[in-house]
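Residue numbers (our numbering): -7 to 182.
Below, the structure written as structure tokens:
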């Protein structure tokens, strides 16, 4: 019998993630959440953390219907930072709120008051993963389609800009400013 996390075959998720993020992946529990951590990914001195199991939760779209897909969240952090803990907190909030995760979604106040991150970065933008040479692509499982979304801590001004001009515009600004999204103390670009 396949080991599962909320009815999603864990081995299929782990195998898929190792193929894109790195073979040194290790399973761990952080704050009650199952995570996969990969050291030196996407570069030396950086860790990638991925939720394992969010994609199987029954999450709803804004119109109240059940989402036909699931999503796992990927967060990169400098080794020694609180990336795994931050991601576990985000996962817990997603599980409690029951809202489907989609690209360009903003999780308002997801990091508010959280140690390990600057107070001016309380929100999280979920985007298509772009830090990795081979980012995790959507995974088709018999049960559902699993998307992988990168978590980027953002400021209130950045959130406002994304709401007015779109998340893609914010992503462009972050790139133009060469903002270090691995720096949980970085200045806002908006």
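Each residue gets a CB set at the ideal place from its N, CA and C atoms; glycine is no exception.
Does residue i come out as helix, strand or coil in the three-state DSSP assignment?
| i | result |
| --- | --- |
| residue -6 | Only weak support is given to the placement of residue -6: the predicted model assigns it a pLDDT of 40, under 50, and the value that follows is read from those uncertain coordinates. Three-state result, residue -6: coil. |
| residue 149 | helix |
| residue 164 | helix |
| residue 155 | helix |
| residue 144 | strand |
| residue 132 | strand |
| residue 181 | coil |
| residue 139 | strand |
Considering only the alpha carbon of each residue, which of the options lies closest to residue i?
| i | options | result |
| --- | --- | --- |
| residue 14 | 38, 97, 26 | 38 |
| residue 68 | 62, 28, 92 | 28 |
| residue 114 | 59, 155, 150, 50 | 150 |
| residue 121 | 42, 31, 1, 25 | 42 |
| residue 116 | 168, 50, 94, 8 | 94 |
| residue 50 | 165, 175, 137, 172 | 137 |
| residue 173 | 1, 129, 40 | 40 |
| residue 80 | 89, 44, 58 | 44 |
| residue 57 | 91, 2, 63, 12 | 91 |
| residue 25 | 64, 55, 147 | 64 |
Looking at the unbroken alpha helix (DSSP H) that takes in residue i, where does it start and where does it end?
| i | result |
| --- | --- |
| residue 174 | Careful: residue 174 lies outside any alpha helix (DSSP H) and carries neither H nor E. |
| residue 2 | 2 to 13 |
Along the chain, where does the beta strand (DSSP E) containing residue i start, and where does it finish?
| i | result |
| --- | --- |
| residue 18 | 18 to 22 |
| residue 31 | 25 to 31 |
| residue 119 | 115 to 119 |
For residue i versus residue j, is the C-beta spacing smaller than 8 Å?
| i | j | result |
| --- | --- | --- |
| residue 76 | residue 161 | no |
| residue 73 | residue 23 | no |
| residue 177 | residue 102 | no |
| residue 153 | residue 179 | no |
| residue 46 | residue 83 | yes |
| residue 106 | residue 139 | no |
| residue 96 | residue 143 | no |
| residue 99 | residue 118 | yes |
| residue 124 | residue 33 | yes |
| residue 66 | residue 166 | no |
| residue 8 | residue 127 | no |
Exercise for the section: Pick out the complete alpha helix (DSSP H) segments inside the segment 39 to 101, 4 residues or longer, and give them in chain order. Expected result: 75 to 89
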